[in-house]
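Below is one structure, written out as structure tokens; comments come after it.
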Amino acid sequence: MVEETLKKLKELCQRERELLIKFPLGEPEEFLSLQEEKRELLLKLSSLEAEELEPFKELIEEIREIQELSKPLLLSNFFFIEEVLGELAPRETYGPSEGKSLFNGKA
Numbered sequence: 002m003v004e005e006t007l008k009k010l011k012e013l014c015q016r017e018r019e020l021l022i023k024f025p026l027g028e029p030e031e032f033l034s035l036q037e038e039k040r041e042l043l044l045k046l047s048s049l050e051a052e053e054l055e056p057f058k059e060l061i062e063e064i065r066e067i068q069e070l071s072k073p074l075l076l077s078n079f080f081f082i083e084e085v086l087g088e089l090a091p092r093e094t095y096g097p098s099e100g101k102s103l104f105n106g107k108a
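As structure tokens, then:
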């Protein structure tokens with residue numbers, strides 16, 4: 002059971018990485034469902050004792066490495082989304098230096 006769970010988690014992490022590489026052309030629904038599946042598997046694994054995971058150190062290390070490789074992709078995609086949103090809906094500041102007020106003289 003533990004080995005199958007870890008193998009499934011590894012597969013999900015690999016697929017997640019593939020989707021992050023294809024971003025923004027990937028499939029957001031699949032990405033979100035992967036996150037939910039990963040959460041469920043991690044919840045199962047968290048209930049185990051360390052001794053039960055000991056025989057699978059190598060597999061756990063492979064999963065950790067995949068996750069480490071995915072982090073920069075995730076951050077890059079996050080910054081891309083933030084930049085696009087900033088262009089679509091620029092933040093306006095209100096105050097005397099900009100010549101605008103929150104109420105635009107309507108109060």
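Sequential numbering from 2 applies to the sequence shown in our numbering.
No residue lacks a Cβ here, since even glycine has one placed at the ideal position from N, Cα and C.
Model, not experiment: these values are computed from the prediction.
Considering only residues of the same chain and omitting the five flanking positions on each side of residue i, which have a CB-CB separation below 8 Å?
| i | result |
| --- | --- |
| residue 11 | 60, 63, 64, 67 |
| residue 70 | 18 |
Taking CB distances under 8 Å as the criterion, tell me whether residue i reaches chain D.
| i | result |
| --- | --- |
| residue 45 | This model lacks chain D altogether; it includes just one protein chain. |
Once the 5 residues before and after residue i are set aside, which same chain residues still bring their CB inside 6 Å of it?
| i | result |
| --- | --- |
| residue 20 | 27, 32 |
| residue 37 | none |
With a threshold of 16 other CB atoms inside 10 Å of the CB of residue i, please say whether the residue is buried or exposed.
| i | result |
| --- | --- |
| residue 53 | exposed |
For residue i, tell me which candidate among the options has the shortest Cα-Cα distance.
| i | options | result |
| --- | --- | --- |
| residue 34 | 4, 74, 14, 78 | 14 |
| residue 73 | 22, 4, 7 | 22 |
| residue 6 | 25, 45, 56 | 45 |
| residue 78 | 29, 37, 49, 51 | 29 |
In angstroms with no decimal places, state the Cα-to-Cα distance between residue i and residue j.
| i | j | result |
| --- | --- | --- |
| residue 4 | residue 57 | 7 Å |
| residue 16 | residue 85 | 25 Å |
| residue 50 | residue 2 | 14 Å |
| residue 83 | residue 89 | 10 Å |
DSSP on residue i, reduced to helix/strand/coil?
| i | result |
| --- | --- |
| residue 66 | helix |
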